[in-house]
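A short write-up of the structure that comes next.
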Amino acid sequence: MLFSRRNLLAGAALATAAAPLRPARAQADNIIRIGVLTDLSGQYRDNSGPTTVLAAHQAVEDFRPEQHGFKVEIVAADHQQKPDVASAIARQWYDREGVDAVADLNNTAIALAVNTVSTEKDKAQLNTGPASADLTGKFCNPNMVHFSPDTWCFSHSTGGAVLKQGGDSWFLIVADYTFGHALQRDISDLITKGGGKVVGAARYPFPGTTDFSSYLVSAQASGAKVLGLCNTGGDMENCVKQAREFGLSQSGMRVAALLGFVTEIHSMGLEVAQGLLVSDTFYWDMNERTRAFTKRFLPKTPTNYPSSLHASCYAGVTHYLKAVAKIGVPAARKSGRAAIAAMKEMPTDDDCFGAQKIRADGRFVTPVFLLETKTPAESKMPWDVLKVVSTTPADAAFRPLSDQACKMAAG
0 MLFSRRNLLA
10 GAALATAAAP
20 LRPARAQADN
30 IIRIGVLTDL
40 SGQYRDNSGP
50 TTVLAAHQAV
60 EDFRPEQHGF
70 KVEIVAADHQ
80 QKPDVASAIA
90 RQWYDREGVD
100 AVADLNNTAI
110 ALAVNTVSTE
120 KDKAQLNTGP
130 ASADLTGKFC
140 NPNMVHFSPD
150 TWCFSHSTGG
160 AVLKQGGDSW
170 FLIVADYTFG
180 HALQRDISDL
190 ITKGGGKVVG
200 AARYPFPGTT
210 DFSSYLVSAQ
220 ASGAKVLGLC
230 NTGGDMENCV
240 KQAREFGLSQ
250 SGMRVAALLG
260 FVTEIHSMGL
270 EVAQGLLVSD
280 TFYWDMNERT
290 RAFTKRFLPK
300 TPTNYPSSLH
310 ASCYAGVTHY
320 LKAVAKIGVP
330 AARKSGRAAI
340 AAMKEMPTDD
350 DCFGAQKIRA
360 DGRFVTPVFL
370 LETKTPAESK
380 MPWDVLKVVS
390 TTPADAAFRP
400 LSDQACKMAA
410 G
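According to numbering that gives the first Met the number 0, the sequence shown holds residues 0 to 410 in order.
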């Protein structure tokens with residue numbers, strides 16, 4: 000089934016309307032409903048957004064729930080990067096539209112706001128879009144799991160590599176919201192423990208900032224060896240482009256994008272992004288299974304290759320459906336907490352990440368790859384943009400359970 004961006008946005012408008020799409024559960028007992036709450040119109044729409052909705056549909060198609068005795072419906076809505084809007088949509092979904100689980104939530108502040116509702120209503124929350132490591136730390140709870148890569152793994156992979164290469168003084172440009180703050184904290188902690196120092200930091204309003212010139216001037220004036228970007232999406236792209244225009248690299252300052260998705264590298268172009276180090280948990284051309292997934296998926300979204308957030312949604316929805324098949328639709332519908340517990344008990348296995356697991360704190364663990372952006376000469380096709388520099392194994396890629404503030408970490 001081919002979904003257009005226009006159709007997805009129209010569906011989002013309907014999903015956020017005041018009237019319910021249908022009464023709260025006058026449906027057949029064998030239907031599970033999953034809501035994908037994402038950015039359909041803002042700066043994260045490419046690395047998540049409409050393609051994430053399609054990833055959820057792909058997971059359902061590949062899982063074939065009818066063979067397990069139940070059906071699945073997917074609904075989607077635009078959270079507009081506003082936590083209050085997101086929590087209102089989630090409450091309507093749960094109360095009036097019979098939604099059993101919510102996925103994506105590609106903004107940490109939104110994930111936290113929605114989790115208040117998910118916990119209250121005992122629904123399953125599949126965090127396949129947000130990035131703060133605190134979601135499986137001080138904010139962990141038994142109603143949610145975290146599939147997307149987080150601030151701890153990004154900091155230790157990209158930041159650790161740059162630090163080892165002599166980048167021991169940093170200036171940070173930080174998105175001023177929960178995710179940016181967490182990334183700033185995690186990279187600052189890594190730098191300090193590694194013998195380096197953060198000589199300055201500047202936080203900018205999120206969303207809505209497009210001109211980063213004043214922050215780049217401050218970075219240049221700081222004398223730091225490295226400019227660390229604690230952001231993603233269009234903000235990261237604009238920072239990299241404007242840093243190049245300002246001549247930061249020519250002046251000897253290295254730009255470190257602590258995280259960057261294939262969609263952003265493609266958008267910037269290799270002339271701008273070449274040599275940039277990023278970290279991620281998924282790349283479409285990593286192995287035979289990732290290429291097989293991409294081949295199945297591309298007919299739905301031929302102009303946007305899958306990012307790790309799309310892959311995380313696919314993996315999260317797939318594993319949730321396996322849990323539903325294990326405990327039964329009535330049990331999964333009655334308690335999202337029970338469905339999440341079943342997800343933790345089973346090993347994961349899908350074409351995006353292979354065989355992995357979910358820890359007691361809800362953290363999905365998988366290898367993290369340090370990736371370097373290719374030069375134009377190295378690239379063989381438009382989306383052939385990254386190459387693997389090194390790999391951190393799954394058991395070392397995320398904050399250790401022993402260091403977690405999560406009350407479930409010992410479970």
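The beta-carbon is built from N, C-alpha and C at its ideal position, and this holds for glycine as well.
Assigned exposure category for residue i - 16 Cβ within 10 Å defines buried
i, result
"aspartate 210", "exposed"
"serine 401", "exposed"
"alanine 14", "Per-residue confidence for alanine 14 stands at a pLDDT of 40, beneath the threshold of 50, marking its modelled position as unreliable; no derived number is given."
"aspartate 394", "exposed"
"methionine 345", "exposed"
"glutamine 249", "exposed"
"alanine 25", "Caution is warranted here: a pLDDT of 45 is assigned to alanine 25, below 50, making its placement in the model unreliable, and the coordinate value is therefore given only provisionally. Exposed, since its Cβ has fewer than 16 Cβ neighbours within 10 Å."
"glutamine 57", "buried"
"lysine 294", "exposed"
"lysine 185", "The residue you asked about is not lysine; residue 185 is aspartate in the sequence shown. That one is buried."
"glutamine 66", "exposed"
"proline 375", "exposed"
"arginine 290", "exposed"
"aspartate 83", "exposed"
"alanine 112", "buried"
"aspartate 77", "buried"
"proline 49", "buried"
"methionine 380", "exposed"
"alanine 236", "It is worth fixing the name first, because residue 236 is glutamate in this sequence and not alanine. Flag for glutamate 236 reads buried."
"threonine 191", "exposed"
"proline 148", "buried"
Per-residue DSSP class, three states only, for residue i
i, result
"proline 96", "Note on residue identity: the sequence assigns glutamate, not proline, to residue 96. Three-state DSSP puts glutamate 96 in coil, outside helix and strand."
"methionine 380", "coil"
"aspartate 185", "helix"
"glutamine 57", "helix"
"alanine 76", "strand"
"serine 292", "Sequence inspection shows phenylalanine at residue 292; the serine mentioned does not correspond to that position. Here phenylalanine 292 sits in helix by DSSP."
"phenylalanine 138", "coil"
"asparagine 126", "strand"
"serine 306", "coil"
"glycine 227", "strand"
"serine 47", "coil"
"methionine 235", "helix"
"serine 131", "coil"
"arginine 90", "helix"
"lysine 406", "coil"
"tyrosine 41", "Contrary to the premise, residue 41 reads as glycine rather than tyrosine in this sequence. Correct three-state label for glycine 41: coil."
"aspartate 121", "coil"
"proline 399", "coil"
Cross-strand partners of residue i (DSSP beta bridge)
i, result
"phenylalanine 368", "Asp279, Thr390"
"tryptophan 151", "DSSP lists no partner for tryptophan 151."
"serine 311", "BP columns for serine 311 are empty, so no partner."
"aspartate 103", "Leu36, Asn126"
"alanine 174", "Tyr203"
"isoleucine 31", "Val71"
"aspartate 145", "Position check: residue 145 holds histidine in this sequence, whereas aspartate was assumed. Asn126, Arg362."
"serine 168", "Lys196"
"leucine 385", "Thr372"
Within 9 Å, strictly: CB atoms of residue i and residue j
i, j, result
"lysine 356", "alanine 341", "no"
"arginine 336", "asparagine 114", "no"
"aspartate 99", "alanine 123", "yes"
"glutamate 119", "glycine 34", "no"
"valine 254", "leucine 228", "yes"
"asparagine 106", "isoleucine 172", "no"
"glycine 165", "lysine 240", "no"
"tyrosine 304", "tryptophan 283", "yes"
"glycine 232", "glutamine 42", "yes"
"aspartate 175", "serine 154", "no"
"lysine 81", "isoleucine 31", "no"
"arginine 362", "valine 101", "no"
"alanine 330", "lysine 343", "no"
"tryptophan 169", "leucine 134", "no"
"leucine 385", "valine 216", "no"
"aspartate 279", "leucine 162", "no"
"leucine 276", "alanine 130", "no"
"serine 311", "phenylalanine 146", "yes"
"phenylalanine 368", "methionine 267", "no"
"arginine 398", "alanine 132", "yes"
"leucine 182", "threonine 150", "yes"
"threonine 51", "glycine 158", "no"
Checklist line | Whole runs of the beta strand (DSSP E) within the region 196-223, excluding any shorter than 3 residues | finding: 196-203
Margin query: Which runs of the beta strand (DSSP E) at least 3 residues long sit entirely within the region 318-363? Give them in chain order.
Written below: 347-349, 353-357
Next item on the list: Entirely within the region 243-287 and at least 3 residues each: give me those beta strand (DSSP E) ranges in chain order.
Entry: 253-256, 276-279
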